[in-house]
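J.:
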Amino acid sequence: MNIGELARRTGSSARSIRHYDKAGLLASHRRDNGYRDFGDDAVPQVMQVARMIRLGFSLEEISTFPPCMLRQVTNAVCPDALAAHRERLAEVDRQLFDLARLRERLLSVMDANDSPLPSTERAPHEPS
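Structure (structure tokens):
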């Protein structure tokens with residue numbers, strides 16, 4: 001199938017698909033006219049790559065995952081890729097912790113300058 005059809009079937013842009021292909025995550029062949037040609041197995045591959053990107057993985061990280069992660073569209077994680085998902089979650093937790101600390105420092109500076117926060121700017125756990 002051509003890249004336009006693959007884009008239509010997966011909801012991804014042709015530009016993204018070209019990027020995934022260039023990164024070696026898809027197997028395309030060139031037609032006589034130079035255009036890429038993809039097999040039906042590219043549909044779940046593109047959908048899985050897009051899902052993993054939404055989970056915060058880079059194309060470089062995705063390229064290290066076992067092939068089972070690209071075979072079907074599912075939230076199931078291959079045992080071989082579970083460690084990478086745990087590492088990603090730990091990184092997200094570190095980022096959340098760092099952001100919470102930054103927020104507290106900002107609040108401290110604002111409190112020191114008698115700048116009360118309007119109720120719409122308070123975190124959900126803070127009373128109005």
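Be aware that the sequence shown starts at 1, since it is given in the UniProt record's numbering, and climbs by one per residue. For each residue, glycine too, the CB sits at the ideal point set by N, CA and C. Remember, it's a predicted structure, so these values are computed and weren't measured experimentally.
Roughly how many angstroms separate the alpha carbons of F97 and S63, rounded to a whole number?
T.: Going from the Cα of F97 to the Cα of S63 covers about 29 Å.
J.: For S108, does the count of other Cβ atoms within 10 angstroms reach 16, so buried, or fall short, so exposed?
T.: Under this definition S108 is an exposed residue.
J.: Please name the residue, chosen from N2, G56, S13 and G34, that lies closest to L89 on a Cα-to-Cα basis.
T.: The shortest C-alpha separation from L89 is found at G56.
J.: Helix, strand or coil: how does DSSP classify S13 here?
T.: Coil, per DSSP.
J.: Residues in its own chain within less than 8 Å of D37 by CB, not counting five upstream and five downstream?
T.: The residues are M1, N2, S28, H29, R30 and R31.
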